[in-house]
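Below is one structure, written out as structure tokens; comments come after it.
Numbering (full-length UniProt numbering), first residue to last: 1 to 110.
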């Protein structure tokens, strides 16, 4: 890509991985996370928090498949994991995309 240098691999832990891309506008860290239904979701939360602390105020693109359901995300049902994820996202502004002073999360594709 003309606007980006080669990505730098930052780390891979049990539930998360991260790379850094140097763009014309500055660095962008891409963080990916996954938590199976059989894993303790709080372990994934701890890893995500560690990644966010490590990058400080840098821009970040965060994506996760946490196997959690909430109606606001487009699911028909809600589950305990969904409530835990929502609490995690609302607990810190850097965890979710900010828009008009409200937290916004990706919705399930229609």
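For each residue, glycine too, the CB sits at the ideal point set by N, CA and C.
Put residue 18 into one of helix, strand or coil per three-state DSSP.
strand
Start and end residues, beta strand (DSSP E) containing residue 31:
26 to 34
Backbone secondary structure at residue 13 - three-state DSSP:
coil
Endpoints, the alpha helix (DSSP H) within which residue 60 is located:
Unbroken run through residue 60 is the beta strand (DSSP E), 59 to 65; no alpha helix (DSSP H).
For residue 90 and residue 59, the rounded distance between their alpha carbons
18 angstroms
Candidates 55, 17, 15 and 21: which alpha carbon is nearest residue 8's?
21
Out of 70, 34 and 74, which has the shortest C-alpha to C-alpha gap to residue 12?
34
Return the first residue and the last residue of the alpha helix (DSSP H) that residue 85 is part of.
80 to 90
For residue 85, count the other beta carbons within 10 Å of its own beta carbon; 16 or more makes it buried, fewer makes it exposed. Which is it?
buried
Quick one: residues in its chain with C-beta nearer than 7 angstroms to the C-beta of residue 49, no 5 flanking neighbours on either side, listed in chain order?
none
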